[in-house]
Amino acid sequence: MSKKDLIAVGFMLFALFFGAGNMIFPPALGQAAGENMWLAIVGFLITGVGLPVLAIIAIARTGNDLQQLASRAHPVFGITFTIVMYLAIGPFFGIPRTGTASFEIGVTPFLPETVDRSVMLAVYTVVYFSISLWLALNPSKLVDRIGKLLTPLLLIGLALFFVKSIWTPMGDIQPPTDAYTDAPFFKGFVDGYLTMDAIAALVFGIIVIQAIQQKGITNKKQLTKLCIQAGFVAASGLTLVYVSLAFIGASSVQAIGYRNNGGEIISQTATYLFGQAGTIILSIIIMLACLTTSVGLLSSCASYFSKISPNLSYRMLVIVMSCFSAFTANVGLTKLISLSVPVLIIIYPLAMTLVALSFLHDYFRGKQTVYIGALAGTLLVSIVDGLKAAGFDVSSILHVYEKTLPLFEQGIGWLTPALIGGVIGLLLNKTNRVTRTERKAS
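Take the sequence shown: its position 201, counting from 1, is numbered 192 in our numbering, and each next residue is one higher.
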């Protein structure tokens, strides 16, 4: 591959990762962290950028897709977990949310109070998903359409914001708020984890692999190397954007005051810096960011389901998923988020555990018992977190977890059980091996 083509693939990956939610977290972090912004953003970058890139590399190392990676635990788990993952981040939640998020942030500010917003949302989603459908119908053109066209436009718009915030400062950076006073690095680390881009990376991995294969690269070692390089291109872009947005948030307090969320911060700073033109620029950026993510998810999901069901063509699946997503998007952003959070909370730690195990695979010789133990330990905690998020009464279990599990209140209580489960799996494998050896000797 030429350097130009490699950069285009990296830009495509950046755009697939960078949705509306990614614009909201960093400015909120910057405003809340204040003078501790730099420590907080380093933690954020480890989980918000580093983990997704590692997930892409993990998929490249398997030489195939998420199902092959998950099947190292068991074939049934492999296909079940992969289907749930694709449906959750695809047509059930992820794809429709790109439409509702872009409408809420990019269109709603321009609508008169007298307009029926439900009707406008219906019209918008039809247009939005028609464009997504057209862009996703030919996956071989994704690099050209996204990597070489939409991503540069997106980066130019974001660069305008950052340069303007430097050229005409909004105010001094303030002291940190309570959450970022004592442990800003760790708080930023958890905030980056909540972007959930690592899940998206496991889904987008197949797109990156296909984009590189279309350039004639078939050697697995070379393919992995190019995936890593494309991942670093995407990571560089994400790092620059996240740091810029965090700085904008940190310097915004004197101009707009403290705000409830990153959406309000970025919207009001846009108006402050550029006036009405800023609102228009922000709307374009949001719609481009959501559109690229929508196209990537449509293409990934359709590619996977056409692979496991040869009777279902890629084209038909893209059309069906686009129509279904347009319909689902009309339940509204708040409802979609409330429905998706419990599912994502359950599957996200499982995805992280799989990525970690993929890099340790050679060290424990890929023993199935290690995968099963680590994933079982993870699930024991993540499923309780998910049930809690869904509104179920699991207070008795939560009380035990809060007392016994490190970092449970920070949202990563699954880490210790995953480690313990993996070690138990390794010991069981050694015990079984010794038993088999003794039987043969006798």
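Glycine is no exception: its CB is placed at the ideal position from the N, C-alpha and C atoms.
Do residue j and residue i come within 7 angstroms of each other at the CB atom, strictly closer than that value?
| i | j | result |
| --- | --- | --- |
| ALA113 | ASN321 | yes |
| ILE198 | ILE48 | no |
| PRO87 | SER290 | no |
| VAL361 | GLY413 | yes |
| PRO160 | GLY25 | no |
| VAL40 | LEU279 | no |
| LEU366 | ALA64 | yes |
| LEU191 | LEU4 | Per the sequence shown, residue 191 should be read as Ala rather than Leu. In this structure, LEU4 does not lie closer than 7 angstroms to ALA191 by Cβ. |
| ILE271 | GLN259 | no |
| VAL375 | ILE388 | yes |
| LEU7 | PHE195 | yes |
| SER227 | GLY162 | no |
| GLY90 | THR71 | no |
| THR186 | PHE2 | no |
| LEU57 | PHE35 | no |
| THR434 | TYR184 | Summary: the structure shown does not reach residue 434, with the chain confined to residues -8 through 433, and so no result is reported for it. |
Taking the beta carbon of residue i as the centre, do at least 16 other beta carbons fall within 10 Å, making it buried, or is it exposed?
| i | result |
| --- | --- |
| ASN27 | buried |
| TRP405 | buried |
| ASN252 | exposed |
| MET14 | buried |
| THR478 | Outside the shown range of the chain, which is -8 to 433, sits residue 478, and nothing can be said about it. |
| VAL334 | buried |
| LYS421 | exposed |
| TYR249 | exposed |
| TYR119 | buried |
| LEU398 | exposed |
| MET307 | exposed |
| PHE9 | buried |
| GLY266 | exposed |
| ILE256 | buried |
| GLY207 | exposed |
| ASP446 | Since the first and last residues shown for the chain are -8 and 433, residue 446 lies out of range. |
| ALA293 | buried |
| TYR354 | exposed |
| ALA46 | buried |
| PRO301 | exposed |
| VAL232 | buried |
| ILE200 | buried |
| THR319 | buried |
| PRO143 | exposed |
| PHE383 | exposed |
| VAL106 | exposed |
| VAL391 | exposed |
| ALA268 | exposed |
Since residue i contacts residue j with CB under 8 angstroms, what's their CB separation in whole angstroms?
| i | j | result |
| --- | --- | --- |
| ALA61 | LEU345 | 6 angstroms |
| ILE203 | LEU214 | 6 angstroms |
| VAL385 | LYS379 | 5 angstroms |
| LEU264 | LYS155 | 5 angstroms |
| ALA225 | VAL44 | 7 angstroms |
| MET312 | GLY81 | 7 angstroms |
| LEU330 | PHE84 | 7 angstroms |
| PRO18 | ILE239 | 6 angstroms |
| VAL234 | ILE32 | 6 angstroms |
| VAL181 | GLY377 | The pair is not a contact, with the Cβ atoms about 17 angstroms apart (cut-off 8 angstroms). |
| ALA170 | ALA381 | About 25 angstroms separates the two Cβ atoms, so there is no contact after all. |
| LEU217 | LEU(-3) | 7 angstroms |
| LEU124 | ILE310 | 6 angstroms |
| ILE96 | GLY254 | 6 angstroms |
Closer than 6 angstroms: is that where the CB of residue i sits relative to any heavy atom of the ligand NAP?
| i | result |
| --- | --- |
| TRP29 | This structure does not include the ligand NAP; it has no bound ligands of any sort. |
When you compare the CB of residue i with every CB in chain D, is at least one pair closer than 7 angstroms?
| i | result |
| --- | --- |
| SER93 | No chain D appears in this structure, which consists of one protein chain only. |
Check your understanding: Could you give the uninterrupted runs of the alpha helix (DSSP H) lying entirely in the stretch 251 to 311, keeping only those of 4 residues or more?
Key -> 253 to 265, 267 to 299
Practice item. Decide if the stretch 97 to 104 is in contact with the stretch 340 to 355; the criterion is three or more beta carbon pairs, one per stretch, under 8 angstroms apart. Key: no
**Study point:** Sufficient close CB pairs (3 or more, under 8 angstroms) joining the stretch 369 to 379 to the stretch 71 to 82
**Key:** no
Check your understanding: Can we say the stretch 270 to 288 touches the stretch 167 to 187, given the rule of at least three CB pairs closer than 8 angstroms?
Key -> no
Review point. Hey, which unbroken runs of the alpha helix (DSSP H) at 4 residues or more fall wholly within the stretch -8 to 68?
Key: -6 to 8, 11 to 24, 28 to 36, 42 to 53, 57 to 61
Practice item. Could you tell me whether the stretch 144 to 156 touches the stretch 270 to 279, where touching means 3 or more Cβ pairs closer than 8 angstroms? Key: yes
Practice item. For the stretch 193 to 223, list the beta strand (DSSP E) runs that are entirely contained and at least 3 residues long, ordered along the chain. Key: none
Check your understanding: Residue ranges of each alpha helix (DSSP H) run of no fewer than 4 residues wholly in the stretch 364 to 395, ordered along the chain?
Key -> 386 to 395
Exercise for review: Scan the stretch 76 to 110 and note each continuous alpha helix (DSSP H) run of 4 residues or more that stays entirely inside, going in chain order.
Suggested key: 85 to 97
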